[in-house]
Structure formats: structure tokens, C-alpha cells
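In terms of the working numbering, the sequence shown opens at residue -13 and continues consecutively. Glycine included, each C-beta is placed from N, C-alpha and C at the ideal position. Notes follow the structure.
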Amino acid sequence: IWFWELDKVQKESKNIKFYKDYHNTLQNDYHLFGLIYDEYKSIHGNITKTTFQDKCILFRIIITSRGFSTNQQGIALVPLLDLMNHKTQDNYNVKWDFDNHAFGMTANKNIKKEEELFLSYGQKSNDSFIMYYGFIPSNK
């Protein structure tokens, strides 16, 4: 349940290699999480190996789809910012502030009261959008 079924994707995508690679990466990670299961269980108590592996994959997908690059600092989860909708022409800039170890937002136009703020998820292929964000942007 934690990755797209390849036979369904193959009907919709011209880039099946992209999905196979992602599928293989998740399967490999699932196996790796299984290798640390006994240690986790000895510290945190009773949990089945399958439940542990499923939760690890879920957390990995959350970080992949909601994490923001801090360039050299790694990935950060930024509450509320990760809930913003995508639009190619966003209405503010977001950047990592190295001095304060925080994300900063600066409007690049006047923002009206109750106007929705958008975030550009970047220039990505439709395959990347559907795999990591669950949608394909419209061409409007």
C-alpha cells in the first residue's frame, strides 16, 4: 500500500523506469528497516516487525513529500508551510536562513487579506508530481 502498483502506473506513464526505481528503493528501505527491528523492539516495546516496517516507510514518505531542503543542513519539516498548495508562480519566496537555522518567507508582491499563499514545488516532471505529491498540476 505504500507505493503505486506498477501495472496501473504502466498504463498511465511513459516513464515506467522512474516508478520501478522508486518502487525498488522503497522495497530496499523496507528490508533495511527490518534489520533494525530487534533493536527498536528491545528499546520501545512490543510491535510487530511488519507494523514497524510499514511505519518506517510511512515516515520516509512523509519526509520525502513534505520535507524542505536546507541545502547543506539536510531536510527540515516545516509545519504549516508543508500544507501550502502548489502554483508555478508563487507569491512569496522561501529560503533557509543559515544564521538563524530557520526558514524565512518574503512576499514578492502585496498580499491581500485572506488571499491564498502558494508555494512553487519547483520544476518537476508530471511523474515526479504524481509520485511525490499525489497530483499533476494543471497547465493553467
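| For Tyr78, three-class secondary structure by DSSP | Residue numbering aside, residue 78 sits at position 92 when the sequence shown is read from its first letter. Strand, per DSSP.
| query | Which word fits Phe19, buried or exposed, when buried means at least 16 other C-beta atoms lie within 10 angstroms of its C-beta? | reply | For this step, residue 19 is matched to residue 33 along the sequence shown. With 16 or more Cβ atoms within 10 Å of its Cβ, Phe19 is classed as buried.
| request: Could you name the residues that DSSP lists as bridge partners for Ser127? | output: The requested residue 127 is not part of the displayed model; the chain covers only -13 to 126.
| field | Distance between Asn79 and Leu129 (C-alpha atoms, nearest Å) | value | Because residue 129 is not part of the residues shown, which for the chain are -13 to 126, the question remains open.
| task | Work out the CA separation of Thr92 and Lys99 for me, nearest whole Å. | result | As a working note, residue 99 is residue 113 in the sequence shown. As a working note, residue 92 is residue 106 in the sequence shown. Taking the straight line from one Cα to the other gives about 16 Å.
| request: Take the Cβ of Gln39 as the centre, count every other Cβ of all protein chains shown within 10 Å, and call the residue buried at 16 or more, exposed below. | output: Numbered from its first residue, the sequence shown carries residue 39 at position 53. Result: buried.
| message | The beta strand (DSSP E) that contains Phe89, what's its start and end? | response | Reading the sequence shown from its first residue, position 103 is the one you call residue 89. Looking at the DSSP string, the run of the beta strand (DSSP E) that includes Phe89 is 88 to 93.
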